[in-house]
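Report on the following structure.
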Amino acid sequence: MRVHPLLFCILLPLSGLASKENSENPVQELPPMEVKSRPILFSFETAEFADVVADLGRSEWTKSGAADLATALAHVPGVTISRYNPVGSFGGRDGGAVFIRGHGSARPGSDLTILTDGIPRFVGIWSHPLLDLYPVEFSESIRVYKSPQPVRVGNMAFAAIDLFPRSLEGTGTRLETKLELAEWNGFRTVGLLTGGPEKLRYRAGFSHRRSDGHRPNADGEVTAGTLGLRVPLGKAHHFSLHTEASRSIASDPEAGGDEPLPIVERYKTRDRFGYLKYNYARNETSLTLKLFLEDALADWTQFHQPPPPPFPAQQLVTTTDFRNWGAQAAFATRLSDQLDFEAGMDFLDFGGSVTEAYALAGPLRFPEDFQQRLSAWALGKWTILEEGDRFVRFTAGLRKAWQDPAENVLTGQAGVEWQPVRRHLVFANMARAANAIAPYAGIFAEKWGLDLDPGALDNEILDHFEIGYRWQGERFQFLVTVFHDEADHLFRLSPPPTPGIFNEDGFAQVGVESNLQVLLNDHLRLYAGVTYVDPDRPRPDNPEWSASGAVEWSFLEDWEMQWMHQYLDDRFTQGIRFDEPLREVDGSYVSSLHLHYEPPFLREYEGRISLHVENLFNSGYAYRPGYPMPGRNFRMALQFRL
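Take 1344 as the starting number for the sequence shown in this note's numbering and just add one per residue.
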């Protein structure tokens, strides 16, 4: 099936303007999430399947000065990151990743997916996200699904992160700008223009950030742009278009103490992404249709050792050219006062080609490899008791995926919520999720001379159970949850001299997570969160203990301060798919201070001057052995709206 060139021709003129999705709840558009009445950082909720999600409104990560997805998520309980450059995610085997309760986006073969408005975003060949392709500057909100999402998301859904684009509702014209200067010749600029009449709203944006890095060969640069349109057709219908384009480059400073390489290893990306959406909503019924395309290129320049005989050690450039396209349809209706029903179908065609070019030999191009996946899903929500503030609610859903060449699979999840009295909620959920083998299996098989039938490999399977309690007050929220995961048929790659691609036994883990948010008064807010995860075998970038805390204080009418603190326990790093030795990373404490001033003469323009002090106490820490993170550093920013 090959209709993607037509779709490419439709979207490319719009997505290429700049130089440089889990399905949304089809019942309604996700509204802007300026969470001003809640405590800081994010709100924790139970989603459709009585599981825990963290919602981050745009104000949360802009206050902390986050410029990319990794730093926006770094303080969410249960989330850890592996980041090595002040700008740009380092492009090595396990660089630039996000992990949620031990499930990660590290390369290759992620079991965690990143989405834009419910559309999956990943490298079609290597089956993992690339964080530099997803600019948070153009997002209205971010939802972090901490539990498996086999029905809403489908594949690669042991956990999930969904970015929702900036809203196009409203009237009038508005220009938002931001300028930031930082140490190491750091610079960042953002501009976003929204306007047009109510019947034809448009959005155009541009962002650029760069840094020389905190040590030699740690420079990075990311440029991105967006274009969006929204056309209402009466009260019940509307069309919308969202496109993004980006370019990035990140250098690898190499592990400290190693002999310098004769070249600087770098990772470059270029991405174009867009989707067209139709939405119908009237009374208790809605229909959403999406058509999407992502076309991207990634170049990894590295110094290859040991050499492929008979060549000596030399420069190797691996070029991955990938293309993902597909369609989504979702329908939702209320069958009665007690019963809601949703159903949908997704189609995804993904893959591309890989070329390896050695400095002393001609390029080796592997054949194009594309895979298809057609999925149908349905879920129901049944409220069996609702009296005042009391209710009992059940949810259940199934997804069937027909996959070529991977085996077909049936997955599902279910949950129950019980609120015996106002403000107190008990919930539980269970899920069976699957992760299918991706085109990278065929690439490695050909590279290593293996006769492999990818269809003979089993899907990775994760069985999940969770139970939790939430206490929601007017000025506080407390949540605690206990979860258990059991995984099986994990994919493994064994490189030469004994090459192999196979399934192996999995792992089991138990965990506890709790968080408390308190609004002491209109000027002072507190937050604390702790996560404990205990796997029966070491898991990469999965600390046994992690904790986050923050204080937000508004004072002197025009001033605001955030102090944020994070603790990560000792942990291991390891290629998620390769058999290789574990490398231990010491635990760390890191604090940051964010100070904001709103001068009276800029109040009309919502102007703000900010000072960000990262690593306030100059802690020495690293996410990867030999890759020290920056010491104390400063950034200053000016932002306003016209």
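Heads up, the beta-carbon is just placed ideally off N, CA and C, and yes, glycines get one too. No experiment lies behind these values; they were computed from the predicted model shown.
- A straight-line Cα-Cα distance of about 19 Å links ARG1775 and GLY1452.
- In its chain, beyond the 5 residues on either side, GLN1860 have a beta carbon closer than 6 Å to the beta carbon of GLN1820.
- In this structure LYS1542 is exposed. Its beta-carbon is surrounded by fewer than 16 other beta-carbon atoms within 10 angstroms.
- Straight-line measurement puts the Cα of VAL1873 at about 20 Å from the Cα of ALA1771.
- One thing to note: VAL1956 has its Cβ within 9 Å of the Cβ of PHE1977.
- DSSP places TYR1623 outside any alpha helix (DSSP H); the residue lies instead in the beta strand (DSSP E), whose first and last residues are 1609-1625.
- For the set GLU1608, LEU1576, GLY1513 and THR1569, the Cα lying nearest the Cα of GLY1563 is the one of GLU1608.
- Listed as beta-bridge partners of PHE1808 by DSSP are MET1773 and HIS1827.
- Here the alpha carbon of TYR1488 sits roughly 45 Å from the alpha carbon of GLY1705.
- Between TRP1725 and LEU1741, the gap from beta carbon to beta carbon reaches 9 Å or more.
- Of the candidates VAL1876, ARG1868, ARG1880 and PRO1655, the residue whose Cα lies closest to the Cα of GLY1892 is ARG1868.
- A residue is called buried once 16 or more other Cβ atoms fall within 10 Å of its Cβ, and LEU1511 is buried on that count.
- In the structure shown, LYS1521 falls within a strand segment according to DSSP collapsed to helix, strand and coil.
- Bounds of any alpha helix (DSSP H) do not take in SER1935; it lies within the beta strand (DSSP E) bounded by 1931-1940.
- When DSSP states are grouped into helix, strand and coil, GLY1969 belongs to the coil group.
- Of all alpha-carbon atoms in TRP1527, PRO1559, ASN1498 and HIS1585, the one lying nearest the alpha-carbon of PRO1508 is that of HIS1585.
- Rounded to the nearest angstrom, the gap between the Cα atoms of ILE1780 and LYS1790 is 17 Å.
- Selection PHE1693, ALA1639, PHE1690 and ILE1727 evaluated against SER1679 yields ILE1727 as nearest (Cα-Cα).
- Straight through space, the alpha carbons of SER1402 and THR1569 are spaced by roughly 20 Å.
- Here DSSP, grouped into helix, strand and coil, assigns LYS1724 to strand.
- A check of alpha carbon separations from VAL1853 across TYR1870, HIS1827 and THR1841 identifies HIS1827 as the nearest.
- With the rule of 3 Cβ pairs closer than 8 Å, the segment 1663-1677 counts as touching the segment 1632-1650.
- Note: SER1550 is bridge-paired with VAL1533 and ALA1567 in the DSSP secondary-structure output.
- Linking PRO1878 to ASP1831 through their CA atoms gives a straight-line distance of about 13 Å.
- GLY1798 carries a helical assignment under DSSP once its states are collapsed to helix, strand and coil.
- For ARG1590, the enclosing beta strand (DSSP E) starts and ends at 1580-1594.
- The beta-carbon separation of ALA1410 and ARG1531, rounded to 6 Å, stays under the 8 Å limit for a contact.
- Contact between the segment 1793-1810 and the segment 1738-1757 is present: 3 or more CB-CB pairs across the two stretches fall below 8 Å.
- Within the model, the alpha-carbon separation for ASP1884 versus GLY1556 is close to 23 Å.
- DSSP lists no bridge partner for LYS1542.
- Here GLY1785 is not bridged, per DSSP, to any residue.
- Membership of THR1663 in any alpha helix (DSSP H) is not indicated; the residue belongs instead to the beta strand (DSSP E) covering 1657-1677.
- Contact between GLY1816 and SER1591 is absent: CB atoms are separated by about 43 Å, not below the 8 Å threshold.
- DSSP places ARG1401 in the uninterrupted alpha helix (DSSP H) bounded by 1401-1406.
- When secondary structure is reduced to three states using DSSP, LYS1489 falls in the coil class, being assigned neither helix nor strand.
- Between the alpha carbons of PRO1973 and ARG1708 lies a gap of roughly 39 Å.
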